[in-house]
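Novice: Let me begin by handing over the structure; questions about it come next.
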Amino acid sequence: MSGLEVLTSRAGELRAKLGEQVHLGVAEATFDEAARIAESSVKRRGRVFDWDWKLDRILTSRIWGFPIMLGILAVVFWLTIKGANVPSALLADGLFWVEDQLAFAFRSVGAPGWAEGFFVHGIYRGLAWVISVMLPPMAIFFPVFTLLEDLGYLPRVAFNLDRMFKSAGGNGKQALTHTMGFGCNAAGVIATRIIQSPRERLIAIITNNFAPCNGRWPTLIMLATVFVAAAFSPSVGSIVAASTLVGIVMFGVLVALLVSGALSRTVLKGEPSAFALEMPPYRKPQVLRVFYTSLIDRTLFVLWRAIVWAIPCGALAWIMGNTYVGDLSVMAHVSGFLDPFGHALGLDGVILLAYIIAIPANEIVVPTMLMAYMNVDRMIEIDNMVDLKALLVVQHDWTVLTAVCLMLFSLLHNPCSTTIWTIYKETGSKKWTWVATLLPLAIGFLVCFLVATIWRAVG
Amino acid sequence: MKDRFDIDRTGHDYVVALAGNPNTGKSTLFNGFTGLRQHTGNWPGKTVTRAEGTLRYEDKRYKLVDLPGAYSLIADGQDEQVARDFVLFGKPDCVVIVLDATNVERNLALALQILEVTGRVVIALNLIDEAQRRGITVDAEKISQELKVPVVPTVARDKKGLIELAAAIADVCSGKAVAPSRRRELDPELESAVTELERLVEAVVPGVPNARWIALRLLDGDPSIEEGLASGEFATPATPTREGSGKPSEVAS
Amino acid sequence: MTLDLLRIGEKAKVVTVNCHGFLRTRLADLGLLPGTPIQAVTRSPMGDPTAYEVRGSVIAIRREDAQLIEVERER
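Below is the structure:
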């Protein structure tokens, strides 16, 4: 026998004899020594982690634990919504001013009308929309979220929610990846790397979609504002919007739990993984560093991917809105075709078409929708809530049901293409990427259909 | 030149790994050294994030590799596995172990394990400010005496101690300060098994510096150690790369 | 007695760890070994898991796992 064979077989024999003792024996010896060295070199004054534990007892208490968690979530949302308003408007103004200059440039070189339309009013405008809608909220949400992370609060969230997620076949860390999804689902999917078990990780990836990302907030906020907050005074408006968002988010968590539970009892069966979460001491976060790194790592990275995917989006919307077959645009044709299907879901053909076109980027749903409704040749948005309500309700037969179904569909529908691509990169599996894409869509269809049918039957 | 970890060493004199428990401010330290000269990617074949960057100190360029936070070198999960594999097979010229000064005892456990694998170690005693806030004082000198490696107190987020740390890294890389490998007494039954295997390991890979550690891992049934022996990866001794002088680096097979 | 019965604020010493596999390795790496002092710090509002202090850091352990860890309460 070669030296290696002797070694391997002898090791096998000894291992069989000693079993788990090896690891245990080594660990004990290591910690004994570590304790000895620490004893001789570390001096403590008083009860070192006193404040940490006191704070923990409050943040995880029976009475205050959950309200504080929801309160923090609401504050983060409110900051993001409130803080993004002005920058979004400014960005939009700026970028659209550039668009006008580009259009002028095209015209002055005598470019054909369709070229100006396609490149400037289609592609560029699509990009401008995505950036002005997506960038400001992300630039606020991610830093704030990272601040919470640096503080050390997030493991406490996993700690509070572990039991809930465990009964759904996952674990507390899934709560963390879910919250990351509020900023961007692609980032949420990447965040699932903190989950060791491949099975639980897959569940977290598939259900991350039910955390509405920044891109979907405008749709949800618009609906909340037009149909819910309209009953309140404007100053209360953003608070109401934030609260509605929290409500939808909680519903999304519920769906995530239900789907996790279903998956772990059917196609993703398995043992719950070993759970031993460390709760580090609270640290003073370094605010500037947080802003810098979250800007580079998360915001810009996500933005870049979104830009790449949004280009075909804008192009397609323009083509469909400006190509005519007979006396109707392709857009009108297709939305007419989709109408019966849309109606069954409590929506209409235009909304469905907008969603199809907006697969690359959720931000484009509303502008595309309005484009089709108003029969104009380019994506637009309306500033005035009164005009918007008039357009939707009076001219296009929107009802409360439409608003409700749209909110549900927005929450539940398939992930955006950036996320789909990220899922594929992270899982390496075509099969699971399909599941992660189509399962939410199917659930969206089903839920909207049921809600619409029951609503109409009752009302 | 790339190896199985896909680390591109071109233009760098040495490779330095950053190891430590999770939550020790390792990334802050990494950022402090590399600034914008870094990029993030994945470890080959794994969905574990890896940050690589360059540290320039006194006309030498060090390639910094940020290993995932790990509690031990036993391959519990992907993170531990990646960290362990790199320290062992990646043969960095220096391993910087970042300790959390607010919990020296637990953090030392990983350090002690790493010291069984390699003596090219510098310890960064980080979060000194947090320790102070909590009334903890740590005697870096004492730890250094015990472990026989440089121990540098740092406050990574305020960039304190980084120059001293870079100096210590330079010393280790150039061979000026390399600790002898450690040896820990175990239970008699375990001890006799290890010693026996250690001798057999030395017969298979003569001159390998951490035969005892390899023997222990074999006893624990560690598959990647078994593979490493079979593939001969342990046979090539670690050599610092000196791309700048035109000599090709010795790469593990 | 088993760890899950330790009340918040109470101190004890670990006697045996009867967990197996991955969890056992993980706990050992975190320093939870026979002879280690342990203290219950706080409990999740949902009742599970409970956070324990072990060798200077706080670790959350689920009840079903804590039931497999034998401890001796400190007087």
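Residue numbers (this note's numbering), protein chains in the order written: chain A, 1 to 459; chain B, 1 to 253; chain C, 1 to 75. Just so you know, even glycine gets a beta-carbon here, dropped at the ideal spot from N, CA and C.
(1) Excluding sequence positions up to five away, which residues of its chain have a Cβ less than 7 angstroms from the Cβ of V204 (chain B)?
(2) Which of the three DSSP states is assigned to P37 (chain C) in this structure?
(3) Using a Cβ cut-off of 8 angstroms, pull out every chain A residue sitting near L153 (chain C), in sequence order please.
(4) Taking the beta carbon of L288 (chain A) as the centre, do at least 16 other beta carbons fall within 10 Å, making it buried, or is it exposed?
(5) Applying a beta-carbon distance threshold of less than 8 angstroms, which residues of chain A neighbour A14 (chain C)?
(6) Flag this pair as touching only if the segment 191 to 208 of chain A and the segment 159 to 174 of chain A have three or more C-beta atom pairs under 8 angstroms; answer yes or no.
(7) Whose C-alpha, out of A:I190, A:S238, A:L245 and A:V240, is nearest the C-alpha of G215 (chain A)?
(8) Indicate the three-state DSSP secondary structure (helix, strand or coil) for R289 (chain A) in the structure shown.
(9) Following the continuous alpha helix (DSSP H) through N31 (chain B), name the residue where it begins and the one where it ends.
(10) Count the other CB atoms within 10 Å of the CB of Y52 (chain C); is the residue buried (16 or more) or exposed (fewer)?
(11) Would you say D103 (chain B) reaches chain C, if we count a Cβ-Cβ gap shorter than 7 angstroms as a contact?
(12) Who are M279 (chain A)'s beta bridge partners in DSSP?
(13) Taking only beta-carbon positions, decide if G56 (chain C) is within less than 7 angstroms of chain B.
(14) Going by Cα to Cα distance, which pick from A:W455, A:I443 and A:G3 is closest to P206 (chain B)?
(15) Could you pull the start and end residues of the alpha helix (DSSP H) that K17 (chain A) belongs to?
(16) The alpha helix (DSSP H) that contains G71 (chain A), what's its start and end?
(17) Between A193 (chain B) and L219 (chain B), which are expected to be in contact by the criterion C-beta below 8 angstroms, what is the C-beta distance as a whole number of angstroms?
(18) Whole angstroms are fine: how far does the CA of T192 (chain A) sit from the CA of R217 (chain B)?
(19) Decide if P155 (chain A) is buried, meaning its Cβ has at least 16 other Cβ atoms within 10 Å, or exposed.
(20) Exposed or buried, F49 (chain A), counting other C-beta atoms within 10 Å across all chains shown (16 or more means buried)?
(21) Does the beta carbon of Y14 (chain B) come closer than 7 angstroms to any beta carbon on chain C?
(22) Does any residue of chain B bring its CB to less than 7 angstroms from the CB of A16 (chain A)?
(23) Taking Y14 (chain B) as part of the beta strand (DSSP E), name the residues at either end of that continuous run.
(24) May I ask you to report which of helix, strand or coil DSSP gives L328 (chain A)?
(25) Run through DSSP, which three-state label would G53 (chain B) get?
(26) To the nearest angstrom, how far is the alpha carbon of E116 (chain B) from that of R134 (chain B)?
(27) According to DSSP, is L216 (chain B) part of a helix, a strand, or is it coil?
(28) Measure how close the beta-carbons of P45 (chain C) and R63 (chain C) come, nearest whole angstrom, since I'm counting them as under 8 angstroms.
(29) In whole angstroms, give me the CA-to-CA distance for I443 (chain A) and S61 (chain A).
(30) Please classify S108 (chain A) as buried or exposed, where buried requires at least 16 other C-beta atoms within 10 Å of its C-beta.
(31) Less than 7 angstroms between the C-beta atoms of M369 (chain A) and V400 (chain A), yes or no?
(32) Scan the segment 77 to 108 of chain B for residues whose Cβ lies nearer than 9 angstroms to a Cβ of chain A and list them as they occur along the chain.
Specialist: Reading off the structure:
(1) Excluding positions up to five away in sequence, the list reads L229.
(2) In the three-state DSSP reduction, P37 (chain C) falls in the strand class (E or B).
(3) The question about residue 153 (chain C) has no answer, for chain C in this structure spans 1 to 75.
(4) With fewer than 16 Cβ atoms within 10 Å of its Cβ, L288 (chain A) is classed as exposed.
(5) Sequence check: residue 14 (chain C) is Val here, not Ala. Simply none; closest approach about 11 angstroms.
(6) Put simply, the segment 191 to 208 of chain A touches the segment 159 to 174 of chain A. At least three CB pairs are less than 8 angstroms apart.
(7) The residue from A:I190, A:S238, A:L245 and A:V240 with its alpha-carbon nearest to that of G215 (chain A) is A:L245.
(8) DSSP places R289 (chain A) within a helical segment (H, G or I) once states are collapsed to three.
(9) Under the DSSP assignment, N31 (chain B) falls in the alpha helix (DSSP H) whose first and last residues are K26 to T34.
(10) Classification of Y52 (chain C): buried, given that the 10 Å Cβ count is 16 or more.
(11) A quick correction: the sequence has Asn, not Asp, at residue 103 (chain B). N103 (chain B) belongs to the set of residues whose beta carbon lies under 7 angstroms from a beta carbon in chain C.
(12) As a beta-bridge residue in DSSP terms, M279 (chain A) pairs with C:V58.
(13) Yes, G56 (chain C) counts as interfacial toward chain B.
(14) Closest option to P206 (chain B), Cα to Cα, is A:G3.
(15) First-last of the alpha helix (DSSP H) with K17 (chain A): G3 to L18.
(16) From DSSP, the alpha helix (DSSP H) with G71 (chain A) extends over G65 to S108.
(17) For A193 (chain B) against L219 (chain B), the beta-carbon gap comes to about 6 angstroms, under 8 angstroms, which counts as contact.
(18) In this structure, the CA atom of R217 (chain B) is about 30 angstroms from the CA atom of T192 (chain A).
(19) Taking all protein chains shown into account, P155 (chain A) has 16 or more neighbouring C-beta atoms within 10 Å of its C-beta and is therefore buried.
(20) Buried: at least 16 other Cβ atoms inside 10 Å.
(21) Output row for Y14 (chain B): interface = no.
(22) Output row for A16 (chain A): interface = no.
(23) Boundaries of the beta strand (DSSP E) around Y14 (chain B): Y14 to G20.
(24) Three-state DSSP puts L328 (chain A) in a strand.
(25) Secondary structure of G53 (chain B) (DSSP, three-state): strand.
(26) Their Cα atoms are separated by approximately 32 angstroms.
(27) Collapsing the DSSP output to three states places L216 (chain B) in a helix.
(28) With 8 angstroms as the limit, P45 (chain C) and R63 (chain C) do not qualify as a contact, their Cβ atoms being about 14 angstroms apart.
(29) The straight-line gap from Cα to Cα measures roughly 35 angstroms.
(30) The residue is exposed, with fewer than 16 neighbouring Cβ atoms inside 10 Å.
(31) No, they are not a contact pair.
(32) Identification of residues in the segment 77 to 108 of chain B having a C-beta nearer than 9 angstroms to some C-beta of chain A yields G77, Q78, D79, D100, A101, T102, N103, V104, E105, R106, N107 and L108, given in sequence order.
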